[in-house]
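Chemist: Chains as they are written, first to last, in my numbering: chain W, 6 to 117; chain D, 52 to 166. Quick one: structure below, then a few questions.
Next comes the structure, spelled out in structure tokens:
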């Protein structure tokens, strides 16, 4: 059974600081997705990582995928308050068919 | 381009009543999903569907029924609502491309309260 673990689950950081959210998964996969969820809103697709070594960047967020380590990271550079949200990673696996397996989510709060 | 929509967005009902949550997508995606999201439980898959007339149970199907007579619609019915079904419900869809599936898109959600 595929398991996806994120850490930390809660992250409070100051504006201007850098930090990394980690997403570990238990079985081989080369397709990983990051989503953002604002309070009271739906999940919005952030990044799609489709191969080992894939790196995607948008603004202050950068996501990478290391399939050999079964690890994806979401790096936040010079955080701003607008990045406050919950971030989910999700993984495809051949045994799950069309179903994504989600991590528990990381609730990020960026304080002024 | 409407994408994926859900209705109603908010619903209050009473224990024992039947409630149907609607989901509609305009992309002709084959695969559709229903999740519930509760504090402390993250996203939990209720039911999913690979095509019209093909549905399957997810992680927490008890108390729910789905149907999919048309590709674009995937209604979720609570046959006899219970307080434990108070939650936010998200519908989602994705398509298959070759051997792989593309990214999954979520609807705006329905906030259901069962009194």
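All C-beta atoms, glycine included, are put in the ideal place defined by N, C-alpha and C.
Please determine, among W:31, W:6 and W:37, the residue with the shortest C-alpha to C-alpha distance to residue 79 (chain W).
Modeler: W:37
Chemist: Let's test the definition: count the other Cβ atoms within 10 Å of the Cβ of residue 97 (chain W) and tell me whether it reaches 16, buried, or not, exposed.
Modeler: buried
Chemist: So is residue 165 (chain D) buried or exposed if we call it buried at 16+ other beta carbons inside 10 Å?
Modeler: By the neighbour-count criterion, in which a residue is buried when 16 or more other Cβ atoms sit within 10 angstroms of its Cβ, residue 165 (chain D) is buried.
Chemist: Identify every residue that forms a DSSP beta bridge with residue 147 (chain D).
Modeler: D:152
Chemist: Measure the Cβ-Cβ separation of residue 107 (chain D) and residue 99 (chain D) and say whether it is below 8 Å.
Modeler: yes
Chemist: Just confirm the distance between the C-beta atoms of residue 73 (chain D) and residue 119 (chain D), as a whole number of angstroms; I'd bet it's less than 8 Å.
Modeler: That belief does not hold up - the Cβ atoms of residue 73 (chain D) and residue 119 (chain D) are roughly 12 Å apart, past 8 Å.
Chemist: Drop a sphere of 10 angstroms on the beta-carbon of residue 51 (chain W), count the other beta-carbons inside from all chains shown, and report buried for 16 or more, exposed for fewer.
Modeler: buried
Chemist: Measure the C-alpha to C-alpha separation of residue 100 (chain W) and residue 34 (chain W) and round it to an integer number of angstroms.
Modeler: 10 Å
Chemist: Under 8 Å: do the region 18-35 of chain W and the region 56-67 of chain D share three or more Cβ pairs, one atom per stretch?
Modeler: no
Chemist: Between residue 123 (chain D) and chain W, is any beta-carbon pair separated by less than 8 Å?
Modeler: With a threshold of 8 Å between beta carbons, residue 123 (chain D) makes no contact with chain W.
Chemist: Just checking my contact of residue 47 (chain W) with residue 157 (chain D) at CB under 8 Å: how many whole Å lie between their CB atoms?
Modeler: 5 Å
Chemist: Hey, residue 107 (chain W) and residue 160 (chain D) are a contact pair by Cβ (cut 8 Å); roughly how many whole angstroms apart?
Modeler: Rounded, the Cβ-Cβ distance is 15 Å, inconsistent with contact.
Chemist: Determine whether the Cβ of residue 15 (chain W) lies closer than 8 Å to any Cβ atom of chain D.
Modeler: no
Chemist: Using the Cα positions of residue 89 (chain W) and residue 137 (chain D), report the straight-line distance between them to the nearest angstrom.
Modeler: About 26 Å.
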